[in-house]
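Structure first, commentary second.
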Amino acid sequence: MIMEEKNITEKEGLFLISQMIQTARQEQNDDGKGWIIWGWVLFLASISSVLLVWFKWDLQLFFFWNIFGGIALAYFVYELFANEFFRKRRKVRTYAGDLFARLNAGFFISLIFIIVFINVGARALYHRYNEFNLMPITMGFALLINLYAFWILIYGAALNFKPSIIAAYATWGIGFVALFSKTFEHTMLLHALAALVGYIIPGHIANKEFKKIRGKDKVVESV
Amino acid sequence: MKVFKDLDPILHSQLRLAVMSLLISVKEAEFTFLREKTNSTAGNLSVQIQKLRDAGYIDVIKQFKDNYPQTICKITKKGIEAFELYVKALQEYINR
C-alpha cells in the first residue's frame, strides 16, 4: 500500500501507529548470531583447556586462551574495517543500538582489565613464592563470568528478551560457585557452563525467534 | 467517515502520522529509511516532512556522508508532546 496525504479514521490512526512502531522495533531485533559465536569460542577455549590438563598435552596452560585472544583480536580488527569499508551505512539509529555500542565498549575494556589482572596477579605471586598459585586465575575467571552476567542482563533487559534475563541470573550463580573452585579444570568447566547458559542457549532461542519474526514479515509483505 | 476537528491536523494524516510513529521509536532515521517503511514516493514524503518540520515536530539535518547526500530526521520535544496528545485524543474517541 502506498501511503499518501489523506485523513484517516481513529481506528486506522491507532492501527497505523502500532504498525509503524512495530516496524521500527524490528530494527532493534538481534539475530543472536553474535552471542552464539562468542559463546562457542569461549566454550571451546574452556573445554580445550580442560582436555589439555586431563590428557597432559605438551602445551602451555593458557595455549587455547592465547588462540582465543588471537581470534578475538582478529575479529575486532575485522569489525573495525567492515564498519569503515564494506558494511552498508545504517539508515536508522536507535536508542538501543547506541546503548549496545557503549555497553560493548565497556564490556571489552572490563574484559581486558580482568585478563591483565589474571596475568599480572599470577606472575606476581609466582615471583614472590616461587611456585604457581591458582588464586588469581580462579578469581579472574569468576570475575569474567560475573562480567558476562552483567552484560547479558543489560542486553536482555534492553531487548526485553526474557531468556537472557533468566540466563544472566543463572550465570551469576555459576560465577559465585566459581569463586570457590579448587582446581584449574573445575574453573574451566564452570566457565564453559557459563558460556553455554549465558550465551549459547539464549543465542539459539533469539535466533529462532528472529527467523520466526522475519518469516512473518515476508508473509505480510507478500500479501 | 467521521472527521475529527479536535485532533491535531498536522498529525491527522496517514503519511505524516506514519513518519511520526517511526521517528518516535528511534533516535534518528534517514529519509530513505522513512521512504522504505512508509512505502511512499520521495516527492510526497519530502512535502510531508517539510510540513512536520514547519510545525516544529521534527528536525531535519541535511549533510554529505561518503560523498552522498544524506537527510536525517529526528523527532523534537514538541513533536513528542504533540504525538502523545494525539494518541491520548484518539484513545478518548475510541473509548467514547
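Here the protein sequences line up with chains A and B, keeping their order.
Every letter in the first sequence is one number past the one before it in our numbering, and letter 3, counting from 1, is 4.
Every letter in the second sequence is one number past the one before it in our numbering, and letter 22, counting from 1, is 1421.
Note that beta-carbon positions come from the ideal geometry of N, C-alpha and C, so glycine has one too.
Keep in mind the model is a prediction, meaning the values are calculated, not measured.
What number of angstroms, rounded off, separates the C-alpha of A:Lys163 from the C-alpha of A:Tyr170? Residue numbering aside, residue 163 of chain A sits at position 162 when the first sequence is read from its first letter. Residue numbering aside, residue 170 of chain A sits at position 169 when the first sequence is read from its first letter. Each residue's alpha carbon lies about 11 Å from the other.
Evaluate A:Val221 with the Cβ neighbour count: other Cβ atoms within 10 Å of its Cβ, from every protein chain shown; 16 or more gives buried, anything less gives exposed. Taking the first residue of the first sequence as 1, we reach residue 221 of chain A at position 220. Caution is warranted here: a pLDDT of 44 is assigned to A:Val221, below 50, making its placement in the model unreliable, and no coordinate value can be reported.
When you compare each of B:Ser1439, B:Ala1488, B:Leu1410 to B:Asp1453 by their alpha carbons, which one comes out closest? Locating residue 1453 of chain B in the second sequence gives position 54, where the first residue counts as 1. For B:Asp1453, the nearest C-alpha among the options comes from B:Leu1410.
So, for A:Ile214: in the same chain, excluding its five sequence neighbours on each side, which residues have a beta-carbon less than 8 Å away from its beta-carbon? Along the first sequence, one-based indexing puts residue 214 of chain A at 213. Counting only Cβ-Cβ distances below 8 Å, and skipping sequence neighbours, we find Gln27, Asn30.
Would you mind telling me which residues of chain A sit closer than 8 Å to B:Glu1427, beta carbon to beta carbon, in chain order? Here residue 1427 of chain B refers to the residue found at position 28 when the second sequence is read from its first residue. The contacting residues are Val93, Arg94.
Between B:Phe1403 and chain A, is the shortest Cβ-Cβ distance under 8 Å, so that the two count as touching? Your numbering for residue 1403 of chain B matches position 4 in the second sequence. Bear in mind that a pLDDT of 49 at B:Phe1403, under 50, signals an unreliable position, so the number given afterwards is only what the model happens to contain. Cβ-Cβ to chain A under 8 Å: yes for B:Phe1403.
Could you please give the first and the last residue of the uninterrupted alpha helix (DSSP H) stretch that includes A:Ile38? Residue 38 of chain A sits at position 37 when you count from the first residue of the first sequence. Element bounds for A:Ile38: 34–55.
Quick test of your reading: B:Gly1478 and B:Ile1457, contact by CB under 8 Å. State the CB separation rounded to the nearest angstrom. As a position in the second sequence, residue 1478 of chain B is number 79, starting the count at 1. As a position in the second sequence, residue 1457 of chain B is number 58, starting the count at 1. 6 Å between Cβ atoms; contact.
Of all Cβ atoms in chain B, is any one closer than 8 Å to the Cβ of A:Arg103? On the first sequence, residue 103 of chain A is found 102 positions in, with the first residue counted as 1. Not an interface residue.
Report the option in A:Phe114, A:Met136, A:Ile113 whose CA atom is closest to the CA atom of A:Arg124. Locating residue 124 of chain A in the first sequence gives position 123, counting from the first residue. Residue A:Met136 is the option with its Cα nearest to A:Arg124.
Beta-carbon contacts of A:Val224 that lie in its chain and below 7 Å, excluding the five residues immediately before and after: As a working note, residue 224 of chain A is residue 223 in the first sequence. Bear in mind that a pLDDT of 36 at A:Val224, under 50, signals an unreliable position, so the number given afterwards is only what the model happens to contain. There are no such residues.
Look at A:Gln207 and A:Asp32 and say whether their C-beta atoms are less than 8 Å apart. Your numbering for residue 207 of chain A matches position 206 in the first sequence. Your numbering for residue 32 of chain A matches position 31 in the first sequence. Here residue 207 of chain A turns out to be Ala, not Gln, going by the sequence shown. Yes, the Cβ-Cβ distance between A:Ala207 and A:Asp32 is below 8 Å.
What residue does the alpha helix (DSSP H) around B:Thr1431 start on, and which one ends it? On the second sequence, residue 1431 of chain B is found 32 positions in, with the first residue counted as 1. Unbroken alpha helix (DSSP H) run through B:Thr1431: 1430–1437.
Rounded separation between A:Phe69 and A:Asn120 - CA only: Here residue 69 of chain A is taken as the residue at index 68 of the first sequence, counted from 1. Here residue 120 of chain A is taken as the residue at index 119 of the first sequence, counted from 1. About 15 Å.
Could you round the C-beta distance between B:Gln1469 and B:Glu1429 to whole angstroms and report it? I think they count as a contact, below 8 Å. Locating residue 1469 of chain B in the second sequence gives position 70, where the first residue counts as 1. Locating residue 1429 of chain B in the second sequence gives position 30, where the first residue counts as 1. Rounded, the Cβ-Cβ distance is 6 Å, consistent with contact.
Listing by chain order, which chain A residues have their CB less than 8 Å from the CB of B:Tyr1492? The residue given as residue 1492 of chain B occupies position 93 in the second sequence. Result: Glu11.
Please look up how many angstroms separate the CB atoms of A:Glu11 and B:Tyr1485, rounded, as I've assumed it's under 8 Å. Taking the first residue of the first sequence as position 1, residue 11 of chain A is located at position 10. Taking the first residue of the second sequence as position 1, residue 1485 of chain B is located at position 86. At roughly 10 Å, the Cβ-Cβ gap does not stay under 8 Å, so A:Glu11 and B:Tyr1485 are not in contact.
Do A:Val93 and B:Val1425 have their C-beta atoms closer together than 8 Å? For this step, residue 93 of chain A is matched to residue 92 along the first sequence. For this step, residue 1425 of chain B is matched to residue 26 along the second sequence. Contact flag set, yes.
Taking the beta strand (DSSP E) that B:Thr1470 falls in, what are its first and last residues? Translated into positions along the second sequence, residue 1470 of chain B becomes position 71. Segment 1467–1474, the beta strand (DSSP E) holding B:Thr1470.
How big is the Cα-Cα spacing for A:Trp39 and B:Lys1464? Translated into positions along the first sequence, residue 39 of chain A becomes position 38. Translated into positions along the second sequence, residue 1464 of chain B becomes position 65. Rounded to the nearest angstrom, the two C-alpha atoms are 32 Å apart.
Which first and last residues belong to the alpha helix (DSSP H) in which A:Phe142 is found? What you label residue 142 of chain A is simply residue 141 of the first sequence in a count that begins at 1. Run containing A:Phe142: 136–160, per the alpha helix (DSSP H) assignment.
What's the gap between the Cα of A:Ile167 and the Cα of A:Ala159? Position 166 of the first sequence holds residue 167 of chain A. Position 158 of the first sequence holds residue 159 of chain A. Cα to Cα, A:Ile167 sits roughly 14 Å from A:Ala159.
Does A:Arg26 come within less than 8 Å of chain B when only Cβ atoms are used? On the first sequence, residue 26 of chain A is found 25 positions in, with the first residue counted as 1. Yes, A:Arg26 counts as interfacial toward chain B.
Chain A beta carbons: is any one of them nearer than 8 Å to that of B:Lys1476? In the second sequence, residue 1476 of chain B corresponds to position 77, counting from 1. Not closer than 8 Å to any Cβ of chain A, the Cβ of B:Lys1476 fails to qualify, so no.
Exposed unless 16 or more other CB atoms sit within 10 angstroms - verdict on A:Trp173: By one-based count along the first sequence, residue 173 of chain A stands at place 172. So A:Trp173 counts as buried.
Listing by chain order, which chain A residues have their CB less than 7 Å from the CB of B:Phe1432? Within the second sequence, residue 1432 of chain B is the residue found at index 33, counting from 1. Here the neighbours are Lys92, Val93.
Given A:Gly141, which residues of its chain have a CB within under 8 Å of its CB, disregarding the five upstream and five downstream residues? Residue numbering aside, residue 141 of chain A sits at position 140 when the first sequence is read from its first letter. Here the set comprises Ile115, Ile116, Phe118, Ile119, Gly122.
Step through the CB atoms of chain B and report whether any lies within less than 8 Å of the CB of A:Gly14. Along the first sequence, read from residue 1 onward, the residue named residue 14 of chain A stands at position 13. Cβ-Cβ to chain B under 8 Å: yes for A:Gly14.
Taking CB distances under 8 Å as the criterion, tell me whether B:Leu1484 reaches chain A. Residue 1484 of chain B sits at position 85 when you count from the first residue of the second sequence. No, B:Leu1484 lies away from the interface with chain A (no Cβ there is under 8 Å from its Cβ).
Reduced DSSP category for A:Gln61 - H, G, I as helix; E, B as strand; rest coil: Within the first sequence, numbered from 1, the residue matching residue 61 of chain A stands at position 60. A:Gln61: coil per DSSP, three-state reduction.
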